[in-house]
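Below is one structure, written out as structure tokens, with a few remarks after it.
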Amino acid sequence: MSNNNENKVFYHSLGVEDMLKSLNTTTEGLSDKEALDRLNKYGANELKKAPKKSIFEMLKEQLSDVMVLILIAAALLSVILNEWTEAIVIMVIVIIDAVIGIVQEKKAVDAMEALKSMSAPTARALREGEESIVKARELVIGDVVILEDGCIVPADMRLIESANLKIEEASLTGESVPSEKDWEDVFERDIPLGDRTNMAYTSSIVTYGNGIGVVTATGMDTEVGSIAGMLEKEDDFDTPLKRKLNSVGKILSVVGIVVCVLMFILGYMYQKPLIPLLMTAISLAISIIPEGLPATATIVMALGVQRMAKKNALVRKLPAVETLGSATVICSDKTGTLTKNQMTVTHIAMNGDFEKGEATEVKAAGEKYEHIYKDLISAAALCNNASLDLDNEGEILGDPTEGALIYLAKDFGIDHEDYEDEHEREFEQPFDSDRKRMSTVHIMDGEITSFTKGAVDEMLPLCTKILTEQGVRDITEEDKANIINLCRKMSEDALRVLGFAKRILDEIPEEDDEDIEFDMIFLGAVGMIDPPREEVIDAVETCHKAGIRTIMITGDHKITAMAIAKKLHIYKDGNTVISGDELDNMNDDELDKLVGTAAVFARVSPKDKLRIIKSLKRVGEVAAMTGDGVNDSPALKAADIGVAMGKSGTDVAKDSADMILMDDNFTTIEYAIKEGRRVYRNIQKVIQFLLAGNIAEILTLFIATVLNWDAPILAVHVLLINLATDTLPALALGVDPAGRNIMKHKPIKSNSLFEKGLVVRVLLHGLYIMIATISAYQIGIHIDSHEVGMTMAFLVLAISQLFHALNQRSNTQSAFTTKNGHNKYLFLAMVASGMILALTICIPQLREFFSLTTLRFEEWKIVGVFSLLPLLLVEITKLLKRTFHFEI
21 MSNNNENKVF YHSLGVEDML KSLNTTTEGL SDKEALDRLN KYGANELKKA
71 PKKSIFEMLK EQLSDVMVLI LIAAALLSVI LNEWTEAIVI MVIVIIDAVI
121 GIVQEKKAVD AMEALKSMSA PTARALREGE ESIVKARELV IGDVVILEDG
171 CIVPADMRLI ESANLKIEEA SLTGESVPSE KDWEDVFERD IPLGDRTNMA
221 YTSSIVTYGN GIGVVTATGM DTEVGSIAGM LEKEDDFDTP LKRKLNSVGK
271 ILSVVGIVVC VLMFILGYMY QKPLIPLLMT AISLAISIIP EGLPATATIV
321 MALGVQRMAK KNALVRKLPA VETLGSATVI CSDKTGTLTK NQMTVTHIAM
371 NGDFEKGEAT EVKAAGEKYE HIYKDLISAA ALCNNASLDL DNEGEILGDP
421 TEGALIYLAK DFGIDHEDYE DEHEREFEQP FDSDRKRMST VHIMDGEITS
471 FTKGAVDEML PLCTKILTEQ GVRDITEEDK ANIINLCRKM SEDALRVLGF
521 AKRILDEIPE EDDEDIEFDM IFLGAVGMID PPREEVIDAV ETCHKAGIRT
571 IMITGDHKIT AMAIAKKLHI YKDGNTVISG DELDNMNDDE LDKLVGTAAV
621 FARVSPKDKL RIIKSLKRVG EVAAMTGDGV NDSPALKAAD IGVAMGKSGT
671 DVAKDSADMI LMDDNFTTIE YAIKEGRRVY RNIQKVIQFL LAGNIAEILT
721 LFIATVLNWD APILAVHVLL INLATDTLPA LALGVDPAGR NIMKHKPIKS
771 NSLFEKGLVV RVLLHGLYIM IATISAYQIG IHIDSHEVGM TMAFLVLAIS
821 QLFHALNQRS NTQSAFTTKN GHNKYLFLAM VASGMILALT ICIPQLREFF
871 SLTTLRFEEW KIVGVFSLLP LLLVEITKLL KRTFHFEI
């Protein structure tokens with residue numbers, strides 16, 4: 021009876037009798053005792069809570085980082101050598117970084133709670149043959165549940181009765197049009213969920229009619245539960261920045277180990293004492309690690325988050341800022357994301373339109389058909405069971421298709437509520453899935469008039485006349501052919517077509533089954549669609565120019581999906597459209613080969629969406645996924661970045677996403693991408709700035725060891741430079757303005773954080789700073805002492821790195837140009853860092869703590885000259901690059 025995969029029963033493929041037998045129940049429902057037994061056996065009809073990560077687990081993850089482990093090892097070695105100053109400073113750094121990491125990593129794992137909130141609190145069920153109100157969580161497999169207009173389906177169920185039943189399943193299937201249900205249907209096992217018209221699923225909403233169903237699955241065994249299970253199992257993938265920083269850490273660790281081994285070998289050859297050798301090794305280990313990098317990168321992203329929030333892009337997970345900036349493909353759900361999630365009548369076909377073979381846009385129809393449109397619009401307004409919730413911004417209550425007709429009438433100056441009061445309904449023949457039409461009777465201008473709406477091909481045989489500009493005349497076969505051809509053309513353009521007719525009656529019908537649908541006058545047809553958002557086309561084009569491909573993933577049929585994709589400029593020549601059935605027949609290798617040209621995936625399930633995202637990631641894409649429904653949640657979580665809609669999005673989608681668009685505006689993604697790229701580029705500037713300084717420190721210590729000198733700088737000097745004087749300029753670089761052409765470059769697809777030439781620049785700039793530092797040290801020890809030389813080396817190393825921050829704003833333009841915009845924060849940061857250095861030298865206690873000494877004016881002049889040397893050398897390098905166009 022369980023819905024577990026190993027013995028899963030496909031109830032949509034069973035007739036009612038076989039289904040009842042399989043579930044050991046009857047149409048009268050379960051007894052109270054049997055229901056209680058099953059509740060105890062199978063558990064409550066609710067979803068499991070996702071386990072939350074403990075603080076200890078997050079701390080463990082933070083401390084297992086390669087760069088952090090090297091710092092901890094250096095601290096332990098300092099303790100062993102009784103160098104408590106270095107040990108304390110290092111551990112303070114480790115603790116600060118860990119705290120920042122934990123605060124930022126603390127994620128809201130409440131997607132399960134949101135899924136639970138979608139469940140109906142109570143249900144009407146048959147127990148012991150009697151109707152009773154049952155808590156939704158107490159429903160069990162085999163319960164018989166009554167469904168009615170407006171209720172939320174409380175569990176997955178096989179229908180055993182249906183009367184004009186329509187259920188909106190957009191959050192599961194992505195289709196905005198409610199599914200028409202028929203309990204008598206029986207299907208093959210592998211039919212898509214959206215086509216199972218004999219089933220009703222948890223969290224979907226009954227929009228029309230009523231029915232009765234037998235519960236086939238509860239809790240985690242439901243389709244919503246299956247999605248929840250995927251959310252639970254899906255690992256949190258490292259973002260591109262995290263992967264790249266880890267890569268940098270591993271590279272630096274290997275370099276550090278190699279250099280330390282070489283230093284020990286050289287130290288042994290030079291017969292240096294062990295303690296000084298170990299202290300030099302600690303200095304080297306610290307110089308290898310860019311201590312401020314993780315915290316600086318975090319702060320840079322946090323500032324990006326603040327800027328994005330002002331533009332309606334709410335970031336839930338900090339790395340999302342950078343990740344979106346490096347996205348190479350955006351997979352977007354259609355309904356509610358690319359479209360408005362509101363059925364809208366866009367075209368009217370009347371009279372001469374059928375002869376011309378072209379429908380008229382609604383905005384032009386008023387003037388064109390002002391003298392004859394009244395009957396069609398009256399039919400749209402009155403042959404209608406939907407209404408507007410005026411207390412809730414005009415939200416549609418009922419079938420979205422009928423809601424579109426109400427808004428059509430409103431466009432033509434008809435207030436639906438007043439019009440219904442003026443022309444009360446005298447009789448109704450409800451919509452029927454066999455007839456595919458409905459009719460209502462009203463008193464219009466003193467005449468008893470029936471209005472009929474429905475499928476055009478079903479209505480035309482019942483029409484004997486047609487309304488034209490000249491009046492009513494007999495309908496001809498040519499008329500019918502023209503009508504069918506135009507309606508088919510409208511359908512191919514992804515429009516849903518409804519026809520309208522009327523008939524003048526002699527009297528108001530009295531019998532429910534009285535046939536009034538014959539000898540009718542055909543009034544015309546309307547075409548409606550869930551329209552694309554107007555702003556999306558420009559956003560898609562902007563993304564295309566930025567080297568970002570947009571893929572539409574939807575539960576709609578292939579023809580509809582392709583038509584929408586063409587309107588949005590997503591589908592272009594050479595692209596492919598893949599259906600869910602075709603996807604099911606592909607293995608992963610086949611999918612990986614086709615995913616590069618796919619523009620549309622149609623008729624897909626939640627599992628398909630997840631599979632598509634994983635395929636894109638396998639072929640090296642950085643995948644963003646936008647969506648708003650429950651069915652998007654697993655893919656939102658699996659994507660490098662999930663983007664949910666703030667207004668129309670379900671709580672589940674929001675809680676699974678990394679970023680939420682508060683205005684539901686697809687164009688906000690354009691800004692988010694630009695901001696993400698700005699953050700990414702600025703983090704690159706920060707890394708280039710910090711690593712060039714680290715390389716200078718490493719080379720300074722290594723050269724000193726090779727040449728058998730005393731250490732020019734100490735571990736505390738490296739810590740002071742890396743934290744006190746490097747951090748502020750690094751943060752200022754993190755808010756550098758975006759370049760003018762930032763959205764005209766393709767995304768960075770490399771698995772390394774280093775772009776072409778960045779490694780060379782880091783090494784070259786580090787070499788320039790090292791040459792200046794070594795030179796100052798040698799001059800200092802020759803004109804005075806080792807203490808003076810070490811102080812001069814420290815100051816040149818620190819000040820030259822401050823000036824070097826100016827070089828990082830552009831890899832090609834001069835540091836003194838205004839083409840890159842202004843960054844007042846960088847100037848302020850350099851002044852503040854300079855003051856820290858001045859205080860360190862001027863305050864005796866600090867000077868003694870850092871093993872420094874005072875300098876004479878002549879020595880300060882030497883420090884000034886050599887501090888400017890790296891800046892001038894980089895300027896010369898940039899000039900040569902601009903002149904000869906070589907890559908550095």
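Here the sequence shown is numbered in the numbering used here, starting from 21 and rising by one per residue. Every residue, glycine too, gets a C-beta built ideally from N, C-alpha and C. All values derive from a computational prediction rather than experimental measurement.
C-alpha gap between residue i and residue j, whole angstroms
| i | j | result |
| --- | --- | --- |
| residue 848 | residue 858 | 15 Å |
| residue 47 | residue 40 | 8 Å |
| residue 558 | residue 855 | 49 Å |
| residue 861 | residue 805 | 17 Å |
| residue 165 | residue 146 | 6 Å |
| residue 186 | residue 179 | 12 Å |
| residue 167 | residue 474 | 24 Å |
| residue 592 | residue 619 | 8 Å |
| residue 291 | residue 115 | 37 Å |
| residue 476 | residue 324 | 54 Å |
| residue 174 | residue 234 | 11 Å |
| residue 571 | residue 100 | 58 Å |
| residue 656 | residue 28 | 27 Å |
| residue 140 | residue 172 | Only weak support is given to the placement of residue 140: the predicted model assigns it a pLDDT of 45, under 50, and the value that follows is read from those uncertain coordinates. When rounded, the distance between both Cα atoms is 6 Å. |
| residue 89 | residue 635 | 34 Å |
| residue 445 | residue 403 | 9 Å |
| residue 210 | residue 62 | 26 Å |
| residue 45 | residue 163 | 8 Å |
| residue 421 | residue 548 | 8 Å |
| residue 897 | residue 863 | 38 Å |
| residue 67 | residue 247 | 10 Å |
| residue 674 | residue 784 | 46 Å |
Sequence-distant residues of its chain with Cβ nearer than 7 Å to residue i (five each side left out)
| i | result |
| --- | --- |
| residue 882 | 796, 799, 812 |
| residue 909 | Residue 909 is absent from the model: the chain starts at 21 and stops at 908. |
| residue 374 | 499, 502, 503, 506 |
Beta-ladder partner(s) of residue i, from DSSP
| i | result |
| --- | --- |
| residue 228 | 186 |
| residue 891 | Partner(s): none; residue 891 has no beta bridge. |
| residue 552 | 359 |
| residue 885 | In the DSSP output, where bridge partners are listed per residue, residue 885 has none listed. |
| residue 469 | 462, 524 |
| residue 381 | 367 |
| residue 855 | The partner list for residue 855 (beta bridge, DSSP) is empty, contrary to what the question assumes. |
| residue 407 | 417 |
CB of residue i within 9 Å of CB of residue j, strictly
| i | j | result |
| --- | --- | --- |
| residue 382 | residue 368 | yes |
| residue 818 | residue 903 | no |
| residue 192 | residue 170 | no |
| residue 646 | residue 621 | no |
| residue 198 | residue 204 | no |
| residue 758 | residue 695 | yes |
| residue 678 | residue 339 | yes |
| residue 698 | residue 789 | no |
| residue 922 | residue 332 | Any answer about residue 922 is impossible in this case: the structure gives the chain only from 21 up to 908. |
| residue 689 | residue 344 | yes |
| residue 574 | residue 623 | yes |
| residue 702 | residue 748 | no |
| residue 508 | residue 363 | no |
Chain-order list of residues whose beta-carbon lies under 6 Å from that of residue i (same chain, five-residue window excluded)
| i | result |
| --- | --- |
| residue 428 | 365, 400 |
| residue 55 | 160 |
| residue 826 | 835 |
| residue 297 | 287 |
| residue 371 | 488, 489 |
Margin query: With three or more beta-carbon pairs closer than 8 Å as the criterion, would you say the stretch 573-586 touches the stretch 348-365?
Written below: yes
Check: Is the stretch 856-871 touching the stretch 826-844 in the sense that three or more CB pairs, one from each, lie closer than 8 Å?
Finding: no
Note to self: Between the stretch 784-795 and the stretch 715-723, can you find at least three pairs of beta-carbon atoms closer than 8 Å?
What the structure shows: yes
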